[in-house]
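**Q** At the far end of the sequence shown sits residue 148, using the numbering used here, and the numbering has no gaps.
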Amino acid sequence: MVGWLRTSASVAFVALCLRCGPSRFTPPDGTFSIALPGAVRSGIGSDRTSLGVVPYEEFYSQEGGARFKVSFSVIKGGEGMGEGLLQEFGSRAGFPEFNCPKVSSHTVVGGHPALDYRTKCDVMNVTGRILLVGNRVYQITVESRLMPDEATSKAFIESFRVNDH
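1. Return the first residue and the last residue of the alpha helix (DSSP H) that Ala138 is part of.
2. For Thr110, does the count of other Cβ atoms within 10 angstroms reach 16, so buried, or fall short, so exposed?
3. Where does Leu115 sit, in a helix, a strand or coil, going by DSSP?
4. Label Glu126 either buried or exposed according to how many other C-beta atoms from any shown protein chain fall within 10 Å of its C-beta, with 16 as the threshold for buried.
5. Only counting the same chain, and skipping five residues up and downstream in sequence, which positions put a Cβ closer than 6 Å to that of Cys83?
6. Whole angstroms are fine: how far does the CA of Gly21 sit from the CA of Cys0?
7. Could you tell me the distance, in whole angstroms, from the CA atom of Pro38 to the CA atom of Gly28?
8. Are the CB atoms of Phe51 and Leu19 nearer to each other than 8 Å?
9. Taking the straight line between their C-alpha atoms, what separation do you get for Val91 and Leu69?
10. Using CA atoms only, rank isn't needed, just tell me which of Gly47, Ala138, Asn146, Thr32 is closest to Leu129.
11. Spatial neighbours of Ala138 within its chain, please: C-beta separation below 8 Å, excluding the five flanking residues on both sides.
12. Does DSSP put Gly73 in a helix, a strand or coil?
13. For a test of the three-state rule: what should DSSP assign to Leu19, helix, strand or coil?
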């Protein structure tokens, strides 16, 4: 009987945690927060662009076959490049090397220029937003072999917040 009670309590706890949903994540530098599901991992890398080699840092998690990711690059002298930066990063978004169809639209989020896009490809499907805040370019994406659920993607992308310092 005691064993059953412990098992039931564990199952109830797991069930409650599954209903909790994503938790807010803030990186060590405190510049943003976002609702990431599951365990958060991080990485660094760089991309070759017309601006030269641009380093980036990324934070991501996986759930239900989808990868939820936010990455950012700090562009030296990037303030005032607005539309040019959005075009540069937008042209590289969503696996351009596979020549996949992409639908995109310019918008403004929290007073900052942004580009929302959706790419459908045999290899990977991506829903994302590129957001320009001063000299930082943020890329918020949901990647999945199946087309990411629109409501889930929208909720994740819209959970992104820039923190004032």
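Ideal placement from N, C-alpha and C gives every residue a C-beta, glycine not left out. Here the structure is a predicted model, which is why all the values come from computation and not from measurement.
**A** Looking at the atomic coordinates:
1. 133 to 141
2. buried
3. strand
4. buried
5. Thr102, Cys104
6. For Cys0, the predicted structure reports a pLDDT of 38, less than 50, and the residue's modelled location is therefore unreliable. The matter cannot be settled from this model.
7. 6 Å
8. yes
9. 12 Å
10. Gly47
11. Ala18
12. helix
13. strand
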